[in-house]
Every structure is written in C-alpha cells, then in structure tokens.
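All remarks here apply to the structure that follows.
There are 2 protein chains.
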Amino acid sequence: MRPEDLPEIRHLHLFRDMAQANFESLMASSYAQIFPQGLEMIRQGDPADFLHIVLEGSVELFAQWSGRECTMAVLRPVSTFILAACIRDAPYLMSARTLERTRIILVPASDLRAMFRHDTEFAVSVINELAACYRSVVRNAKTLKLRNSRERVASYLLRQSLLAGGVASYILPVEKRLLASYLGMTPENLSRTLRLLEADGIKMDGARVIITDREKLTVLAQPDRLIDGSDEIAGQTGSGLPDR
Amino acid sequence: MRPEDLPEIRHLHLFRDMAQANFESLMASSYAQIFPQGLEMIRQGDPADFLHIVLEGSVELFAQWSGRECTMAVLRPVSTFILAACIRDAPYLMSARTLERTRIILVPASDLRAMFRHDTEFAVSVINELAACYRSVVRNAKTLKLRNSRERVASYLLRQSLLAGGVASYILPVEKRLLASYLGMTPENLSRTLRLLEADGIKMDGARVIITDREKLTVLAQPDRLIDGSDEIAGQTGSGLPDR
DNA sequence: CGAGCGGTTGAGGCATGTCAAGAGTTGTGG
DNA sequence: CCACAACTCTTGACATGCCTCAACCGCTCG
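So the protein lines, in turn, are chains A and B. For the first sequence, the numbering used here begins at 470 and goes up steadily by one. For the second sequence, the numbering used here begins at 470 and goes up steadily by one.
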C-alpha cells in the first residue's frame with residue numbers, strides 16, 4: 470500500500486472516527502492490489518474474507534441466477550463494499566468485477582470483526598455505515614416495485630443532474646447497457662425509453678444527457694426524498710449507481 | 470409493560486448479549502402499546518423516534534409513491550423493525566400498519582443510540598442485526614430483478630414449505646392480496662399464476678398449499694441459498710414475508 | 001339479510017422482453 | 001496505419017408477460 474493512500478481511506482466515514490493506533494493496526498494487515506479491466510474479483514457464494522476499498526477505477530456489483538445476470542451497483546473511489554458479508558462471516562450475495570483497471574485495498578474480515586469489538590468509535594461507524602447501506606437498498610427496492618421503467622429512467626436522469634449540482638447537461642457515468650441492467654430493463658428498452666423521453670424534457674446525444682425542460686421531467690419523475698434521497702453521508706461516493 | 474414480556478425481548482439476538490443492567494435501563498424508558506387492527510402506526514417520512522418490537526399480532530411494512538402502494542414485509546412476534554431509521558435519526562422509508570390487534574414495545578431511539586456507545590456487546594449485536602437486515606433486502610432485490618413472477622411465486626411457496634420443516638402442505642401465512650403485493654404483482658395475476666402452477670407440482674385449496682410434486686416445483690423454482698437463504702440468525706422471525 | 005371485502009375469472013390492452021439486423025465505435029494485431 | 005473483430009447502441013418486427021377493468025362468487029360481519 471502506498472503511504473499517500475492512508476489519508477484517503479482515513480477520510481471515509483467508516484474509518485474517520487476510530488483511534489489512530491487502531492486505524493494503523495488495521496491498515497498494517499491490509500494490502501493493495503491492482504486488477505485489470507473486466508476481472509471478476511469476487512464470485513457470489515464465495516466466503517467473505519476481505520473488506521474491499523476502491524481507491525482508483527470502478528467496480529460493478531452484480532448478481533446471477535439461473536443463467537441471468539443483473540447489475541446491482543457501480544462503485545467508484547473512495548468507497549467500501551461487501552461490508553455486511555464480512556461482518557456476518559457469510560458468503561457474498563453478489564459478484565464483483567472491475568469496469569476498468571482498478572486499485573483495491575483488502576482488509577482482512579477477521580481483523581475487521583476483532584476491531585469493532587475493541588474500538589467503540591469504530592463500532593459506531595460500522596453501525597452508521599450499515600444502516601445507510603440498508604436504507605439505500607430499501608430505496609432501490611421501492612423504486613423497482615413502485616415505478617415503471619419510464620419513471621425509473623426519468624428519476625435516474627433527474628437525480629444525476631441534481632447530484633452534479635443541478636446542471637442542465639452531463640455525461641452518463643456508466644454505459645447504457647449497464648444502466649439498463651441497474652434499472653431493471655433491457656438495453657433495447659432503455660434505448661427506446663430514452664427516445665420517448667424527448668417528449669418529457671430529455672434529449673440524448675450519445676452518452677450526453679441534456680435536460681431541455683426540467684419542469685416537465687420533474688412532473689414525470691416525481692422525485693421523492695424517501696426514494697431518491699441519499700441519507701447525506703452516503704454522498705461520499707461519486708458513483709452513478711449507489712447502494713453497496 | 471408486563472414483566473413477562475422482558476424474557477421474550479431479552480431473547481432476541483439484538484438484546485441477548487448486552488449487560489443486564491443496560492438492558493433493564495433500556496426497558497425502563499420503553500413502554501408497551503396496543504394497536505387495533507388496520508391502524509397505520511408509522512407513516513413513511515415521519516422522524517424515527519422509536520424502535521418497535523412486535524410482541525403479539527402482526528405488522529405490515531409498506532411503501533407508497535405517487536398514489537401506488539406495495540408491501541415490503543410482514544413482521545410477526547418476536548421481532549424488531551425500523552432499526553436503521555432510528556440509528557440514522559432519519560425519516561422512516563416505509564410505513565407500518567397492524568394486520569390484527571397488535572402489541573408493540575416502543576424503545577426511544579435516542580436511548581438506543583446512547584446505549585450502543587456505552588455497551589460494546591450491544592453495539593456488536595446491532596452490527597450483526599443490521600448486516601443481516603441488509604443482506605435480507607439484497608436477496609429481495611435479487612429475486613425481483615432476476616426472477617419473473619411465476620418463478621417468484623414458486624420459490625416463495627417452496628421456501629415456506631422448507632421453513633415449516635419440508636411439509637407437503639401448509640396454510641399461507643398471509644392473505645393472497647398481500648402476498649401478491651410483496652411478490653411485486655397484482656392479486657389477479659397471483660391468482661392466475663397459482664392456477665397455472667398446478668402444472669408444476671402445486672395445488673391450492675383456499676389458503677392451503679399442497680405440494681403435489683416437489684421435484685417438479687424445485688426444477689422451476691431453482692432455490693438458491695444466495696436468494697432464498699436466510700443467514701440463519703434471521704430465522705428468529707416466524708414471518709411469512711421477511712426482511713426488516 | 002345486505003354490505004363489504006377477498007378471491008377468481010375473462011377480455012382486452014399496454015409494457016416489456018426477444019430476436020434480428022445494421023450503424024457506429026473501440027481496440028488489436030498485422 | 002489499416003483491416004478486422006468485438007462490442008455498444010439503435011431500430012424494427014414480433015411475442016408475451018403483466019396489468020386494467022369488469023363481473024361474479026363466497027365469506028364474514030355488522
């Protein structure tokens with residue numbers, strides 16, 4: 470691990486409040502690893518041995534069943550993932566692959582579990598992190614069950630604009646095929662939906678999104694803080710597709 | 470609160486390992502309440518003031534958006550709910566209503582938050598509980614995205630049979646209209662699907678499920694421990710529709 | 001006994017997935 | 001530097017899954 474990585478990791482809510490000595494001890498048993506693009510670094514069902522921290526690059530979390538596959542999240546620096554599996558010492562529920570060349574810090578799960586018994590501030594941080602993750606997935610489940618695909622796309626596009634500071638135009642942070650899978654639809658259907666949304670205040674130009682009528686889009690998307698909100702803290706990931 | 474309630478609560482994983490004095494202190498500031506059937510005790514968006522514990526009866530967690538509504542979970546004794554909102558001191562993401570006359574213990578969220586800073590064993594319990602809840606919702610999201618409605622129904626029916634000890638016949642633990650919403654479909658569609666499943670090893674008789682050909686049903690449902698499993702511990706809820 | 005509700009069934013329609021083909025882009029190796 | 005392969009994205013045609021609306025049955029409960 471590079472010395473310059475430590476401040477970045479330390480800055481994460483998860484590690485921000487623990488004692489310095491404990492942080493150093495945890496990092497001492499961790500190590501960095503660089504994965505090439507497209508590598509499946511975690512396979513669902515495998516035992517969870519390490520907490521992962523993305524320092525550079527990006528990672529897709531996805532799930533498989535019966536030959537089908539869907540994207541569950543995309544993670545960007547600096548963020549952690551599969552915390553829950555490490556804590557429960559249970560098999561991963563999702564697989565992970567790199568979307569580009571990616572640098573990861575691996576923190577041994579056993580050290581992690583020992584540490585929150587030892588450092589109360591760290592335990593509190595873990596609690597807060599898990600609670601935020603839980604709420605994030607609940608929001609995700611709500612959007613899947615309560616909105617149809619057109620509404621999901623509209624909310625997503627609007628939300629991204631707001632995350633970028635309310636800009637009228639921005640580049641999609643992920644490939645459309647991945648976005649489609651994240652939103653629970655096929656690439657073909659996303660493509661068609663994006664075209665149809667031109668009647669609702671959206672114009673696409675390749676990967677660029679142009680909001681031509683924010684009011685109209687808002688009427689369709691009906692953004693709701695209980696679905697599209699982000700519990701503040703989680704804003705530390707600049708990812709396009711949250712919920713770890 | 471009745472004195473005989475305490476052992477039941479104490480038996481929950483969440484409260485099992487904390488110091489006796491701390492448990493008593495937490496319970497001292499809590500109180501019991503009885504709600505009639507059909508009462509909306511929690512409205513999504515309201516601030517989370519109390520951790521809820523179901524002692525008798527049953528509770529539906531549901532979500533609303535834009536005039537639509539869906540069931541997220543049904544809870545039965547003895548189990549807790551909306552822990553995450555309490556911890557984050559954030560608004561509820563889901564509403565809750567009683568399905569029958571129900572007795573609830575209310576634990577002040579502020580006391581809860583103070584307690585896990587004070588009692589490490591309790592903090593560890595909270596961590597484990599949250600991690601289990603997180604994984605439960607992830608499983609739920611997976612089944613929604615990876616399986617079609619017929620497969621979701623088949624998995625559900627098979628899973629309930631296994632939870633009941635592999636019995637060939639059992640009574641549905643919830644109304645069909647509720648089950649439909651939980652599984653992300655309309656009541657009409659569930660009704661039709663149940664009929665069609667007679668070709669796949671299921672026979673319905675009112676609310677009774679009869680598995681006529683377990684092998685055939687299993688082929689269709691393709692049960693998967695990474696979706697249909699339950700992280701062991703969570704088995705403490707006898708509910709038909711888990712994930713808090 | 002009648003109202004209300006859950007459940008079922010049918011008809012019809014919309015939303016979404018599937019299959020296929022082609023344009024554009026990217027990356028690679030000769 | 002070019003040619004080719006592989007891949008994403010788009011579009012069209014078609015199939016089907018699922019929802020909506022409506023009617024009806026049976027049960028429960030006032």
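Glycine included, every Cβ here is placed at the ideal spot set by N, Cα and C.
In this structure, the straight-line span from the alpha carbon of B:VAL595 to that of B:LEU483 is close to 6 Å. Per DSSP, B:PRO577 lies in no alpha helix (DSSP H); the unbroken beta strand (DSSP E) holding it starts and ends at 571-577.
A direct Cα-Cα distance of roughly 39 Å separates A:VAL543 from B:ILE671.
By DSSP's assignment, B:ARG566 forms a beta bridge with B:GLU509, B:GLU529. In this model, A:ASN597 and B:PHE519 are separated by some 17 Å (Cα to Cα).
Taking 8 Å as the threshold, the shortest C-beta distance from B:GLN513 to chain A falls below it. Per DSSP, the beta bridge partners of A:GLU538 are A:GLN533.
Close to B:ALA592, with beta-carbon spacing below 9 Å, are these residues of chain A in chain order: PHE585, ARG586, THR589, ALA592, VAL593, VAL595, ILE596. Between the alpha carbons of A:GLN691 and A:TYR651 lies a gap of roughly 20 Å. With a threshold of 8 Å between beta carbons, A:PRO560 makes contact with chain B. Here the region 607-627 of chain B lies against the region 595-615 of chain A, with 3 or more beta-carbon pairs under 8 Å apart.
With contacts defined by Cβ atoms closer than 8 Å, B:SER494 and B:LEU575 do not form a contacting pair.
Close to chain A, meaning a Cβ-Cβ distance shorter than 9 Å, are the following residues of the region 675-697 of chain B: GLN691, ASP693, ARG694, LEU695, ILE696. Listed by position along chain A, the residues whose Cβ is nearer than 7 Å to that of B:ASN609 are ALA610. In its chain, beyond the 5 residues on either side, MET510, ILE511, VAL528, LEU530 have a beta carbon closer than 6 Å to the beta carbon of B:ALA565.
When the Cα atoms are used, A:ASP558 and A:THR589 turn out to be separated by approximately 20 Å. Between the C-alpha atoms of A:MET584 and A:ASN491 there is a straight-line separation of about 8 Å.
Given a length threshold of 4 residues, each whole run of the alpha helix (DSSP H) inside the region 477-508 of chain A is given here in chain order: 482-485, 489-497. Taking 8 Å as the CB threshold, A:TYR639 stays off the interface with chain B.
Around the beta-carbon of B:GLY536, fewer than 16 other beta-carbon atoms lie within 10 Å, marking it exposed. For A:GLY653, a Cβ of chain B is located within less than 8 Å of the residue's own Cβ.
Taking the CA atoms as reference points, A:GLU538 sits about 43 Å from B:PHE504. Judged by DSSP in its simplified three-state form, B:ILE679 adopts strand.
Contact annotation, B:MET541 with B:ALA554: C-beta distance approximately 13 Å; criterion of less than 8 Å not satisfied. Under DSSP, the beta-bridge partners assigned to B:LEU710 are B:VAL543. Look at the region 610-624 of chain B: the residues with a C-beta under 9 Å from a C-beta of chain A are ALA610, LYS611, THR612, LEU613, LYS614, LEU615, ARG616, GLU620. For the set A:GLY635, A:LEU481, A:GLU473, the Cα lying nearest the Cα of A:PHE550 is the one of A:LEU481. Short of 8 Å from the beta carbon of A:GLN629, and not among the five residues preceding or following it, lie these beta carbons of its own chain, in chain order: TYR639, LEU641, PRO642, VAL678, GLY709. Under the 8 Å criterion on CB atoms, A:ARG537 is classed as interfacial with respect to chain B.
Within chain B, ARG557, ALA559 have C-beta atoms less than 7 Å from the C-beta of A:ASP700, given in sequence order. Think of a sphere of 9 Å around the beta carbon of A:MET541: the chain B residues whose beta carbon falls inside it are VAL607, ALA610, LYS611, LYS614, in chain order. At a cut-off of 8 Å between C-beta atoms, B:ARG604 counts as an interface residue with respect to chain A. The three-state secondary structure of B:SER699, taken from DSSP, is coil.
In this chain, the beta strand (DSSP E) harbouring B:THR549 covers 548-550. Beta-carbon to beta-carbon, A:GLU525 and A:THR571 are separated by about 6 Å, close enough to satisfy the 8 Å threshold.
Looking at the DSSP output, A:MET673 sits in a beta bridge with A:VAL678.
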